[in-house]
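Protein chains: 2
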Amino acid sequence: MANIRDLAKEAGVSVATVSRVLNGYPYVSEEKRKAVWEAVEKLNYTKNIQAVHLAKGKTRIVGVMLPYIHHPYFSAVIEGISKEALRCGYQLLLFQTNYEVKRELEALERLRMKQMDGLIVCSHEADWEVFAVYREDGPIVLCERAVGHDFFTVYIDHYQAFAQALRYLLDKGHRRIGYCIGRTTGPNSQARAAAYRDVLGSVGVIPQPQWIFDGCLFLEDGKRVIERWMDMKERPSALLVTSDQVAAGIVLHAQRVGVHIPEELAVIGFDNDPLAEMLGMTTVALPHFALGEKAFRLLHHWLETGNVPRTQEELPARLIVRMTG
Amino acid sequence: MANIRDLAKEAGVSVATVSRVLNGYPYVSEEKRKAVWEAVEKLNYTKNIQAVHLAKGKTRIVGVMLPYIHHPYFSAVIEGISKEALRCGYQLLLFQTNYEVKRELEALERLRMKQMDGLIVCSHEADWEVFAVYREDGPIVLCERAVGHDFFTVYIDHYQAFAQALRYLLDKGHRRIGYCIGRTTGPNSQARAAAYRDVLGSVGVIPQPQWIFDGCLFLEDGKRVIERWMDMKERPSALLVTSDQVAAGIVLHAQRVGVHIPEELAVIGFDNDPLAEMLGMTTVALPHFALGEKAFRLLHHWLETGNVPRTQEELPARLIVRMTG
DNA sequence: TTGTAGGCGTTATCAA
DNA sequence: TTGATAACGCCTACAA
């Protein structure tokens, strides 16, 4: 495969001139410019991007760290990132971690190795301290709140989102309120747990541990929740469900087994997935797509200007009352 | 940032020795090995992966071309690809195209530029001739059938899948059978259209153009379908819906507006999404995840052995009868 | 077991 | 306007 030196020889110019032509720099005579393009044509030349990356020390590639892709939340976030990246001429390198710390470290190491210009962390498992170590190796933007660390982040205010829904339920008279969550670790989950404690505590309700349903990620988990709920002696009268997928699973399975929603069990989902509208589900709308977009923009600005963005932007959530809660 | 030469100086050895140590080659004395690692530690060295890529002419990166990510079909395929890639130590570079030919060409150009070792095409818009031009620039594996081109592919046999469902409906006595599809171009869509013509033709049914509902990609499109269906004078009695998401939208909206399923309208979805099971939907299970896995494996084998895989593997689909059709 | 030196393909500086 | 040449950082014959 022809390289820039072959071109130079063919066109009868220097490699420097070839490079200038290829990159559209001024100060090249029309004549030589033409000769170079002809050589490009003749030798069927294409630039080797690796060499460019090495020489420039930049790649216009951004890494995206996330546990898995086949999930409505993460695929919405990526879509937002991807849309902006496309617009700005950046490429996306995927780092699927399955929430394994080892994988997260691999991604961070790749940042050190300068495989990409920056990294967007959608969700993580390792301690923030681990991430802090890599801060000097390249720009990192988070999609989660990092309390006590001055990372640059765009995040959804899950405390406020949860609190909002809880107060709504309290106002409707509910006292036995439980919730379903994907996993208990992670900043988002902890923000919710804090809101749960605080808001229920403010009205003197003592939540029961068994009112918290862990491992709720996918539609089919909703079935499990209903089954467990039916087996309980003191059932919650309302559930906050941190994913509309799971909430939909709950609502649909409840319907099937004859549990009346919201009379016997009020259900409030999160996300405002199309499914929520379709099922008439009360839900808290979360701006996932915008989260991805903004995270990329933040990183992009950082990369292009070199100015560290001292940003920690909070994206608001909005309760949408429909029929299930 | 320290480089391999700094290490050599620090450790009092040559760069070749450093490289050997770093890459775990034999024939290095324990003493020097130790000295190198100490230098690594001391200088806080990390290898620059770009330089490695350039020197080796390989990247262990695979490109994935797909129209969008936030879609159950594509995110399942990627998940399959990603899982295998992770296992084999490969990374994924995303090329979101929005079905724009221009974007597809950009991805192919990147293959030429040797940004990645190979490319998996999940779905495309450009003519196969365009892809054929780039075949010599790197291994390309397709997730769609390419009739008349000897690309290497793994694909779901959509003709068989569609035909299977159609015959089932015919057996049940349906004659006015329509279908909903994402877009009409693309090999998968054309395979379905062919099955539709052939199977209906075989029993002398002349399908009406308005029985084909285009642009059905997401849950919310199902609502539109029902609305249009209700406005029709000669309504289909059954619909094949090429996405369970859309089928779910149809079933749920039908329920809402009082259309009885399957009595007034039989619905058969595709994918076997968890939603289908939850809603008791009859559906044709499609192995999306396996498709991604196998596509990666095919490419991987090609990359590692250098042997062109003359594979064109057809993945079967399976009708799952539940309650909607 | 070790080192030297050339190569990978571009970009960028500096002098002309 | 142009060209030589030194980076960029690593790998790898080949020679010792």
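These protein sequence lines map, in sequence, to chains A and B. Residue 63 is where the first sequence starts when you use my numbering, and the numbers rise one by one after that. Residue 63 is where the second sequence starts when you use my numbering, and the numbers rise one by one after that. The beta-carbon is built from N, C-alpha and C at its ideal position, and this holds for glycine as well. Note that the structure is predicted; figures quoted are calculated from it, not measured.
By the Cβ neighbour-count rule, Ile268 of chain B is exposed, with fewer than 16 other Cβ atoms within 10 Å of its own.
For Tyr230 of chain B, no pairing in a beta bridge is given by DSSP. Shortest Cα-Cα distance from Lys176 of chain B to any of A:His236, A:Gln222, A:Ala113 and A:Cys184 involves A:Ala113.
Tyr130, Ile131, His132, Ser137, Ala138, Ile140, Glu141 and Ser144: these are the residues of the region 130-145 of chain B whose beta carbon lies less than 7 angstroms from some beta carbon of chain A, given in chain order.
When only Cα atoms are considered, Ala379 of chain A and Met292 of chain A end up about 31 angstroms apart. Listed along chain B is no residue with a C-beta nearer than 8 angstroms to that of Lys96 of chain A; the closest approach is about 23 angstroms. Comparing alpha-carbon positions, the option among A:Val75, A:Met63, A:Ser305 and A:Ser264 lying closest to Phe280 of chain A turns out to be A:Ser305.
Assignment of Ile143 of chain A by DSSP, reduced to helix, strand and coil, places it in the helix class. By the criterion of at least three beta-carbon pairs nearer than 8 angstroms, the region 337-355 of chain A is not in contact with the region 187-202 of chain A. Fully contained in the region 295-352 of chain A are the following beta strand (DSSP E) runs of length 3 or more, in chain order: 300-303, 328-333 and 344-347.
Counted as a single uninterrupted DSSP element, the stretch harbouring Phe280 of chain B is not any beta strand (DSSP E), since DSSP gives it neither H nor E. Where Gln374 of chain B is concerned, there is no enclosing alpha helix (DSSP H), although the beta strand (DSSP E) around it starts and stops at Gln374 to Leu377. If you draw a straight line from the Cα of Gly235 of chain A to the Cα of Arg384 of chain A, it is about 17 angstroms long. Against chain B, the CB of Gln317 of chain A has no partner CB under 7 angstroms away; the residue lies outside that interface. Interface with chain A (7 angstroms Cβ-Cβ cutoff): Arg290 of chain B is excluded. Runs of alpha helix (DSSP H) with 4 or more residues, each lying fully within the region 116-203 of chain B, are found at 134-150, 163-174 and 190-195, listed in chain order.
Within a 10 Å sphere around the beta-carbon of Gln270 of chain B sit fewer than 16 other beta-carbons, which makes this residue exposed.
For Ile111 of chain B, the neighbours in chain A by C-beta distance under 8 angstroms run, in chain order, Arg172, Met175, Lys176 and Gln177. In its chain, beyond the 5 residues on either side, Gly284, Lys285 and Ile288 have a beta carbon closer than 7 angstroms to the beta carbon of His315 of chain B. Taking C-beta atoms as the reference points, Asp260 of chain A and Glu376 of chain A fail to come closer than 7 angstroms.
For Thr215 of chain A, the enclosing beta strand (DSSP E) begins and ends at Phe214 to Ile218.
Segment contact: the region 140-159 of chain B against the region 151-170 of chain A, three or more CB-CB distances shorter than 8 angstroms; contact assigned. In this chain, Ile66 of chain B is not harboured by any beta strand (DSSP E); it is covered by the alpha helix (DSSP H) spanning Ile66 to Ala73. For the region 323-342 of chain B, residues whose beta-carbon sits nearer than 7 angstroms to a beta-carbon of chain A comprise Pro336, Leu337, Met340 and Leu341. Looking at the DSSP output, Ile239 of chain A sits in a beta bridge with A:Ala300. Among the residues of the region 257-277 of chain B, none has a Cβ less than 9 angstroms away from any Cβ of chain A. Tyr217 of chain A and Gly387 of chain A have their C-alpha atoms some 26 angstroms from each other. Within the DSSP secondary-structure output, Arg359 of chain A pairs in no beta bridge. According to the DSSP assignment, Arg95 of chain A belongs to the alpha helix (DSSP H) that extends over Glu92 to Leu105. Taken through DSSP and simplified to helix, strand or coil, Arg380 of chain A comes out as strand. For Ile111 of chain A, the three-state secondary structure derived from DSSP is helix. Here Ile268 of chain B carries a coil assignment [DSSP, helix/strand/coil]. Ala223 of chain B places its beta carbon less than 7 angstroms from that of Val346 of chain B.
Pairing Met127 of chain A with Ala169 of chain A gives a Cβ-Cβ distance under 7 angstroms. Sequence-distant Cβ neighbours of Ala225 of chain B in its own chain, meaning closer than 8 angstroms and more than five residues away, are Ala257, Asp260 and Val261. Counting along the chain, Ser81 of chain B sits inside the alpha helix (DSSP H) bounded by residues Val77 to Leu84.
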